[in-house]
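Peer 1: Numbering (our numbering) for the sequence shown: 44 to 399.
Note that beta-carbon positions come from the ideal geometry of N, C-alpha and C, so glycine has one too.
Take a look at this one; I'll ask things after.
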Amino acid sequence: MLTTLRVHDYRSDTLPLLTEGALPLVAGLAADPALDVCFPTRHWDGGPHLALHLGHAAPAADVLARARRRLSAAAGHGRAWTPEEYARRAGALARAEGVAVRHELPHPHGSVLVSTDTVLPGPVQAVRHRFLTALARELAGLLPADPAAARSRAPGTALRWMAALAASYPGGARFGSLSFRSHTEAFLASRTDGEELRARFAAAAQRYAPQTGQLVDSALYRPEELPGYAACATALAELLDPRLHGDLEDVLGGRVGPAEADPHAGGPDAGRPDAGRPDTDSAPSAFHRRLAELGFGERTPPAFQAYRVLVNWLYEALQWLGVTPINRYLYCHCLAHAVDERLGETWQDRLTARPS
Numbered sequence: 044m045l046t047t048l049r050v051h052d053y054r055s056d057t058l059p060l061l062t063e064g065a066l067p068l069v070a071g072l073a074a075d076p077a078l079d080v081c082f083p084t085r086h087w088d089g090g091p092h093l094a095l096h097l098g099h100a101a102p103a104a105d106v107l108a109r110a111r112r113r114l115s116a117a118a119g120h121g122r123a124w125t126p127e128e129y130a131r132r133a134g135a136l137a138r139a140e141g142v143a144v145r146h147e148l149p150h151p152h153g154s155v156l157v158s159t160d161t162v163l164p165g166p167v168q169a170v171r172h173r174f175l176t177a178l179a180r181e182l183a184g185l186l187p188a189d190p191a192a193a194r195s196r197a198p199g200t201a202l203r204w205m206a207a208l209a210a211s212y213p214g215g216a217r218f219g220s221l222s223f224r225s226h227t228e229a230f231l232a233s234r235t236d237g238e239e240l241r242a243r244f245a246a247a248a249q250r251y252a253p254q255t256g257q258l259v260d261s262a263l264y265r266p267e268e269l270p271g272y273a274a275c276a277t278a279l280a281e282l283l284d285p286r287l288h289g290d291l292e293d294v295l296g297g298r299v300g301p302a303e304a305d306p307h308a309g310g311p312d313a314g315r316p317d318a319g320r321p322d323t324d325s326a327p328s329a330f331h332r333r334l335a336e337l338g339f340g341e342r343t344p345p346a347f348q349a350y351r352v353l354v355n356w357l358y359e360a361l362q363w364l365g366v367t368p369i370n371r372y373l374y375c376h377c378l379a380h381a382v383d384e385r386l387g388e389t390w391q392d393r394l395t396a397r398p399s
């Protein structure tokens, strides 16, 4: 079972609820033998909210009450949006989550709603819960409670997680980073201003090359140094269990064809990593045309299926840090570019040499 405490938070600054509320609870409950999973999610539920999930046993009454008080207190300071301000943002916020727009505030700011799902998680879901718990516990030791200090560390933490994710792929960061290339190329191809954005992304990649280059060096040669690597590697090893192959196909919505080569069109439980991407009939990018030419997607190896699922989960976790969709695409571009630069090869070279 999974007990969820859902906090409705109508503030522009989303970090205080994480650093002052959810993460201290994650750290404190790590020693509770009854709660093997404890992780946040950040989604839309008729309004923006952060949820803390506890399981798979029912939390003790005093634990639940303490968690509720902590989350309520963390939401209790700072300026919340007025109903008018919320209404002006509602359309964009709903589109970012791919759900219908609601212009009224469904619950008062700071409301903590508790619900319980008594259904046992399936095997893939159970891996997801353990993975997000491992990331959350690590994050509790990385981010300071002070929101301003945490805000300065959030982008670097997100990039380190992404580098660790690429390194966890069976072919290493050299091939794992192709998912970042796929993600950003599909996005740019879908936008009418794609070339303008590409130029901005390229300028940013050059500006941050020293930092992303160091991250890529770690991902290529010393991945165990990166935060998130152990969590990614453990989860991927669990997902590669042959008994989960059918479950992975269900999560991903079936087989991947050449027209679906973007490996991030996640299933209903994938954390909506592509939420906010325009739904257009634009022509595929040069990257995806090359994938189709090489027959990519005619047969999806189990390792890539497992990695697709893990990518979706990691992108979901980036929302904890306040990473917006446009910044996620930017980070993907910067890391993919840094891999090319560090290895002295192009993505075309890498696709031709990709492991089976």
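Report back the beta-carbon spacing between Glu228 and Phe330 to the nearest angstrom; my notes put them in contact at under 8 angstroms.
Peer 2: 4 angstroms
Peer 1: Determine the direct distance from the alpha carbon of Leu287 to that of Arg351, and round the result to whole angstroms.
Peer 2: 14 angstroms
Peer 1: Taking contact to mean at least 3 C-beta pairs separated by less than 8 angstroms, is the region 187-195 in contact with the region 259-274?
Peer 2: Segments in contact, no.
Peer 1: By a C-beta neighbour count over all protein chains shown, 10 Å radius and 16 as the cutoff for buried, is Pro59 buried or exposed?
Peer 2: That one is buried.
Peer 1: From the DSSP output, in three-state form, read off Gly319 for me.
Peer 2: Model confidence at Gly319 stands at a pLDDT of 35, short of 50, so the residue's coordinates are unreliable and nothing is read from them.
Peer 1: Please name the residue, chosen from Tyr372, Pro327 and Pro102, that lies closest to Asp75 on a Cα-to-Cα basis.
Peer 2: The shortest Cα separation from Asp75 among Tyr372, Pro327 and Pro102 belongs to Pro102.
Peer 1: Check each candidate in Gly387, Leu178, Trp390 and Cys375 and name the one with the smallest Cα separation from Thr255.
Peer 2: Cys375
Peer 1: Provide the residue(s) that pair with Thr200 in DSSP beta bridges, ordered along the chain.
Peer 2: According to DSSP, Thr200 bridges with nothing at all.
Peer 1: Quick one: is His146 buried, meaning 16 or more other Cβ sit within 10 Å of its Cβ, or exposed?
Peer 2: exposed
Peer 1: Could you pull out every residue in the same chain whose Cβ sits closer than 8 angstroms to the Cβ of Gly121, ignoring the five residues on either side in sequence?
Peer 2: Arg54, Asp56 and Pro59
Peer 1: Where does Gly289 land, buried or exposed, given buried means 16+ other C-beta within 10 angstroms?
Peer 2: exposed
Peer 1: Quick check: the Cα distance between Asp236 and Gly271, rounded to an integer number of angstroms?
Peer 2: 34 angstroms
Peer 1: How would you call Gln391, buried or exposed, if buried means at least 16 neighbouring beta carbons within 10 angstroms?
Peer 2: exposed
Peer 1: Which parts of the region 342-370 are runs of the alpha helix (DSSP H), unbroken and 4 residues or longer, counting only runs that do not cross its ends?
Peer 2: 345-361
Peer 1: Determine the direct distance from the alpha carbon of Val366 to that of Ala130, and round the result to whole angstroms.
Peer 2: 22 angstroms
Peer 1: Exposed or buried, what is Leu182 when buried is set at 16 or more other beta-carbons lying within 10 Å of its beta-carbon?
Peer 2: So Leu182 ends up on the buried side.
Peer 1: Just to confirm before moving on: does the CB-CB distance between Leu357 and Leu208 stay below 7 angstroms?
Peer 2: yes
Peer 1: What residue range is occupied by the uninterrupted beta strand (DSSP E) comprising Arg49?
Peer 2: Leu45 to His51
Peer 1: Decide if Thr176 is buried, meaning its Cβ has at least 16 other Cβ atoms within 10 Å, or exposed.
Peer 2: buried
Peer 1: For Asp189, count neighbouring Cβ atoms within 10 angstroms of its own Cβ and tell me buried if that reaches 16, exposed if not.
Peer 2: So Asp189 counts as exposed.
Peer 1: Counting along the chain, where does the alpha helix (DSSP H) carrying Phe233 start and finish?
Peer 2: One point to set straight first is that residue 233 is Ser, not Phe, in the sequence displayed. Leu221 to Ser233 is the span of the alpha helix (DSSP H), which, as asked, contains Ser233.
Peer 1: Just grab the DSSP bridge partners of Val155 for me.
Peer 2: Val50
Peer 1: Distance, Cα to Cα, Ala335 vs Arg241?
Peer 2: 22 angstroms
Peer 1: Tell me whether the beta-carbon of Leu114 lies closer than 7 angstroms to the beta-carbon of Leu48.
Peer 2: yes
Peer 1: Figure out for me which residue from Pro198, Pro345 and Ser154 has the closest Cα to the Cα of Ala123.
Peer 2: Ser154
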